[in-house]
Every structure is written in structure tokens, then in C-alpha cells.
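K.L.:
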Amino acid sequence: MNPMVKHLSRFDLVSVRLLVDCVQHGSLSAAAERSHLALPAASRRIKDLELAVGADLFERQGRRLQATPAGRTFYRHGVGILQAVELLGAELTNMQLGTLTQVRLSASTAALSQSLSPILRDYAREFPRVRVHLEEQVSEMVVKSLHEGRADVGVFVEGQETQGLDVHAFDQDELVFVFPPGHRFSHEQTPLAFAEALDEDWISFSDGAALLRRLHEAAHAEGRVLKLRMQTRSFDTMCHLVAARMGIAMLPGVAAQIARGMGLVCRPLAEPWAIRQLLVATRSGIVNPHASSLVLFIREHSRRHLTEREGK
Numbered sequence: 221m222n223p224m225v226k227h228l229s230r231f232d233l234v235s236v237r238l239l240v241d242c243v244q245h246g247s248l249s250a251a252a253e254r255s256h257l258a259l260p261a262a263s264r265r266i267k268d269l270e271l272a273v274g275a276d277l278f279e280r281q282g283r284r285l286q287a288t289p290a291g292r293t294f295y296r297h298g299v300g301i302l303q304a305v306e307l308l309g310a311e312l313t314n315m316q317l318g319t320l321t322q323v324r325l326s327a328s329t330a331a332l333s334q335s336l337s338p339i340l341r342d343y344a345r346e347f348p349r350v351r352v353h354l355e356e357q358v359s360e361m362v363v364k365s366l367h368e369g370r371a372d373v374g375v376f377v378e379g380q381e382t383q384g385l386d387v388h389a390f391d392q393d394e395l396v397f398v399f400p401p402g403h404r405f406s407h408e409q410t411p412l413a414f415a416e417a418l419d420e421d422w423i424s425f426s427d428g429a430a431l432l433r434r435l436h437e438a439a440h441a442e443g444r445v446l447k448l449r450m451q452t453r454s455f456d457t458m459c460h461l462v463a464a465r466m467g468i469a470m471l472p473g474v475a476a477q478i479a480r481g482m483g484l485v486c487r488p489l490a491e492p493w494a495i496r497q498l499l500v501a502t503r504s505g506i507v508n509p510h511a512s513s514l515v516l517f518i519r520e521h522s523r524r525h526l527t528e529r530e531g532k
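Numbered by this note's numbering, the letters in the sequence shown go through residues 221 to 532 in order.
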């Protein structure tokens, strides 16, 4: 056994949660209060952790705590430990309620809006004793959750690093421009080249979103910089900002319904990258029959839906 593991195995979840709270709040007193510990007892626990690790976990700046590299590493794994315990509790509760197991699904906003919601509805009907724990994240964080073991199944937009994952394409979407009515590009419906819109102010998603990364890459290829004015986490908020004439946006075609419902104008993008693949993935080498069942269900459901669309 690694000697470090021996040292750390002496500590309980109270110490782990205390350190996590210290990092999140930057204050030992606030963390102690959340853990229902007296301040001297909390201080002793942090010092004991530092002795076990053999390194300082925090830099003391007056009453503020700043995590050191060792502290940030402990924090990252500590969060994972606490989440695993919470999931354990949830699964045990589910077993008591008659739900046999839980599958952790991390999905991007684009995937949820495009086709995943009805798939999850049908999966719940067909497998009522399997509970899907869903977390919505940007595509970059979906992949990170898979690699770190915090998700059993991930659904995200292409363009992420997928080494170490078993990946399958299951659907696609098409990006469109979104303009306020009366905008200089809103009077035609012919496809518009991305380069023509680079003089505009843009509204897009938060950092880590596959779409924002694609926009930055496309602007760089044109020798330009994307004039990003505002960032948000939802299609709805983005459309409201476009309606307020704060900038233009680009959205998946399925979200265009929201835009049109608000009186905004959608116009096709001329570039081939307007078509994006949606991917479903699990960690390579991890055998989880319920996760595999969900992946297969997503792929089969999408295949049937595609056949129906082509038959119309």
C-alpha cells in the first residue's frame, strides 16, 4: 500500500468536508461553522491533514485561506469522495424504495434540447426500476465528469478530447444565426458566411461550451477575434439578449424555435461546420450493464427517429 494512503486513511469524512468548505469559503471559521466544529477543533483537523500529506494545504493571509497546489489537489479529490458518498446514500435509498440502481448521466444543453429529453422519458417508462441521475453541463465538463468517474454516461457535442472513452455518434444538429428583427442580416434567408458577421457583437455560452470553442476557432481561422460581449448558460436568456439588441448569436436549430417564438430572425450558416454530431460515451474498460443499456437505448431510439424523419 502507498504510505500516503495509510496516512490519509486515518481521517474521516468530517475532515474531508472541512477542507472542501475551507477552499470554497476561504475561511476556517466559516468552514468550522458549516461542519458544526469549534474553531480550535477545526484548526487541529487541518493541521493533522497537513502533517499526513507532508505539505501545507493552505496559505494563511490574515483570516483568509488560499489553497496551495497540494490543497487544490486534495480539494478536487475531496469533492469526488463526498459526491461518491452522496451517490451511495442515494442508491441505498433507491433500493429501499424498490429502485434497483442509478445511472449517472451528464449531458450538454444542446443534447438535452435536441433529442435527449424524449429519450429519457421513454427510457424511464421501459426501465422504471432504473433511476437516471441527470446533470446538465457544458460539453467540456461532461467529458471531464466521465474521465473523473463522476458520470457513467456522457452526451455532448463533438470537438472534445475523447481518448479513453467509448464514443458513438447518435444524432446531429445544425447551427443557425439569430438576429433581432430589422438587423442588416435579417432580411434574407440565404446561408450567411461566418466571416461576414465578425464585425458584430456576439452573445454566446459560458466557457467550456462546444459552440463557444467552435466560434473562437472559426474566428481565429479568419484572422479575427470574436467580439464576445456577453455570456450566458441558457438558450432562453441568449434569445432575450438578442431581442434587446445586445448582440447576435448562434444556436442549434432546435433552439431556433425559441428564437422565432420571440420574434427573432434565424438564418442558416454557410460553413460545413454548421452540422454538428452529438455523441454518447462511457469510460473505456468500465463495465456497467445499466450504463450500457442506456447508451444502447439512446442509439436505438435515435436510429428509429432518424428513419422516421427520412421516411416523411
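The beta-carbon is built from N, C-alpha and C at its ideal position, and this holds for glycine as well. Bear in mind that the values here come from a model prediction, so they are computed numbers and not experimental data.
(1) Buried or exposed: where does serine 426 fall if 16 or more other Cβ atoms within 10 Å of its Cβ makes it buried?
(2) Using the Cα positions of valine 352 and valine 500, report the straight-line distance between them to the nearest angstrom.
(3) Quick one: using the 10 Å Cβ neighbour count with 16 as the cut-off for buried, is alanine 261 buried or exposed?
(4) Is methionine 450 helix, strand or coil by DSSP?
(5) State the Cα-Cα distance for the pair serine 328 and glutamate 442, rounded to the nearest angstrom.
(6) Measure the C-alpha to C-alpha separation of glycine 246 and cysteine 486 and round it to an integer number of angstroms.
(7) Report the option in Leu448, Leu395, Arg341 whose CA atom is closest to the CA atom of alanine 476.
(8) Decide yes or no for the touch test of the stretch 398-406 against the stretch 295-311: beta carbon pairs closer than 8 angstroms, at least 3 of them.
(9) Exposed or buried, what is valine 507 when buried is set at 16 or more other beta-carbons lying within 10 Å of its beta-carbon?
(10) Since valine 358 and serine 326 should fall inside the 8 angstroms C-beta cutoff, what is the C-beta to C-beta distance between them, to a whole number of angstroms?
(11) Quick test of your reading: leucine 385 and serine 504, contact by CB under 8 angstroms. State the CB separation rounded to the nearest angstrom.
(12) Return the chain-ordered list of same chain residues with a C-beta closer than 6 angstroms to the C-beta of methionine 458, the five sequence neighbours on each side being excluded.
(13) Suppose you measure from the CA of glycine 369 to the CA of phenylalanine 517; what does that come to, to the nearest Å?
(14) Report buried or exposed for glutamate 279, applying the criterion of at least 16 other Cβ atoms within 10 angstroms of its Cβ.
(15) Tell me the DSSP bridge mates of proline 488?
(16) Under 8 angstroms, Cβ to Cβ, is there at least one residue of chain C near histidine 407?
(17) Using C-beta distances below 6 angstroms, list every residue in its chain close to glycine 379, excluding the 5 sequence neighbours before and after it, in chain order.
(18) Please name the residue in Leu302, Leu277, Gly300 whose C-alpha comes closest to that of arginine 292.
(19) Is phenylalanine 390 near arginine 519, with beta carbons less than 8 angstroms apart?
(20) Give the DSSP-derived three-state secondary structure of proline 289 in the structure shown.
P.N.:
On the basis of the data shown:
(1) exposed
(2) 15 angstroms
(3) In this structure alanine 261 is exposed. Its beta-carbon is surrounded by fewer than 16 other beta-carbon atoms within 10 angstroms.
(4) strand
(5) 27 angstroms
(6) Annotation: glycine 246 to cysteine 486 spans about 45 angstroms, alpha carbon to alpha carbon.
(7) Leu395
(8) no
(9) exposed
(10) Not really, about 10 angstroms apart at Cβ, beyond 8 angstroms.
(11) 6 angstroms
(12) Ile423, Thr452, Ala469
(13) 21 angstroms
(14) exposed
(15) Val396
(16) Any reference to chain C falls outside this structure, which holds one protein chain only.
(17) Hits under 6 angstroms: Ala430.
(18) Leu277
(19) In this structure, arginine 519 lies closer than 8 angstroms to phenylalanine 390 by Cβ.
(20) helix
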